[in-house]
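Participant:
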Amino acid sequence: MPEKKLRLVHTSDTHLGDPGGHPESADALVSVVEAVSHNEADMLLIVGDVFDNERVKDDVLEWFVKEIGQMQAPAVLLPGNHDLIHETSVYHREAFKHAPDNLFVFRSTEGETMSFPGLGIDLWGRAMTMHTPQFKPLEGMPTPIENNWLVALAHGHFHYEDDRDQRSSPIYPQEIADVACHYLALGHWDRHVDVSQGSTTAVYSGCPLGPIGNPGAGEVTVVDLDPQTGVSFRQVTIN
Ligand SMILES: [Mn+2]
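Just so you know, the working numbering puts 199 at position 124 of the sequence shown, and the rest follows in order with no gaps.
The structure is reproduced here in structure tokens:
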């Protein structure tokens with residue numbers, strides 16, 4: 076069993092640099108960063124589509140890394156389909172070459188584990204180069220290391236049992252039930268949805284700007300990892 080009590084703030088789909096959403100998306104990111112200290116969280120997870128597209132200006136990237144650098148807690152970021160990790164990725168630009176020490180970006184397309192020994196947590200994520208039906212966001216997830224929490228990040232589309240469409244970056248119910256992480260932090264949907272299966276807690280945090288068409292209802296997901304009581308989460312209003 077994991078030994079440490081931890082709190083995470085989980086968000087996704089901030090779409091920074093969106094010509095239609097800026098500066099609202101920037102305001103939302105500021106609120107997310109504030110939510111980390113307000114809720115006394117140990118870590119921030121941003122699960123993909125952090126940036127709206129690859130043409131975002133350098134000053135958007137510089138501003139983002141500066142905001143993250145002002146946080147005390149580590150920020151862990153998984154690229155999504157709007158901010159892919161391929162050759163022309165925003166994550167290869169200058170801003171990320173001198174990123175602050177507390178910013179961690181998943182870059183491996185095979186999946187990689189980031190360990191935070193002082194916190195007793197390991198994070199796993201698989202960065203995508205192409206948003207296709209062949210890309211499986213959960214493929215290759217390891218099992219937890221003894222006494223550590225394992226939290227996985229995945230950016231993709233959850234398929235309900237009766238869903239016959241073939242979408243890109245699919246995540247199936249049985250896959251969620253079969254993985255061994257303690258919490259699966261999902262991104263790609265703009266609304267908060269609990270898609271937990273079996274003993275796996277799996278949650279879309281929703282966009283911090285609120286769902287499209289319902290602006291101002293911004294939220295993040297606050298996740299508590301407790302060795303005594305297990306995993307719980309709740310939506311917390313921001314801005
Ligand atoms: Mn997406």
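For glycine and all other residues, C-beta sits at the position ideal for the given N, C-alpha and C.
Since we're looking at a predicted model, the values are computed, not measured.
Less than 8 Å between the CB atoms is what I'm expecting for Val278 and Thr304, so what's the real figure, rounded?
Facilitator: Incorrect: roughly 17 Å between the Cβ atoms, too far for contact.
Participant: Check this for me: beta carbons of His263 and His234, under 7 Å apart or not?
Facilitator: Contact: no.
Participant: Return yes when the Cβ of Asp117 is within less than 7 Å of the Cβ of Ser148, no when it is not.
Facilitator: A small correction: the amino acid at residue 148 is Ala; Ser does not occupy that position in the sequence shown. Against a cut-off of 7 Å, the Cβ pair of Asp117 and Ala148 comes out as a contact.
Participant: Looking at Leu284: is its Cβ nearer than 7 Å to the Cβ of Ala103?
Facilitator: The answer is yes: Cβ separation under 7 Å.
Participant: For the 8 Å Cβ check, are there 3 or more pairs between the segment 142-160 and the segment 197-206?
Facilitator: Yes, they touch.
Participant: Can you find the residues in the same chain that come closer than 6 Å, C-beta to C-beta, to Met189, ignoring five residues on each side of it along the sequence?
Facilitator: Same-chain partners within the cutoff: Phe179 and Leu198.
Participant: In chain order, what residues have a CB nearer than 5 Å to some heavy atom of ligand 1?
Facilitator: Cβ atoms closer than 5 Å to ligand 1 belong to Asp124, Gly155, Asn156 and His263.
Participant: Leaving out the 5 sequence neighbours to the left and right, which residues in its chain are closer than 7 Å to Glu315 when beta-carbon positions are compared?
Facilitator: Not covered by the structure: residue 315. The range shown for the chain is 76 to 314.
Participant: Cβ atoms of Glu294 and Gln310: under 7 Å apart, would you say?
Facilitator: Yes, Cβ-Cβ distance for Gln310 and Glu294 is below 7 Å.
Participant: Hey, Val84 and Ala110 are a contact pair by Cβ (cut 8 Å); roughly how many whole angstroms apart?
Facilitator: Right, their Cβ atoms sit about 5 Å apart.
Participant: Where does Ala202 fall in DSSP's three states?
Facilitator: Here Ala202 sits in coil by DSSP.
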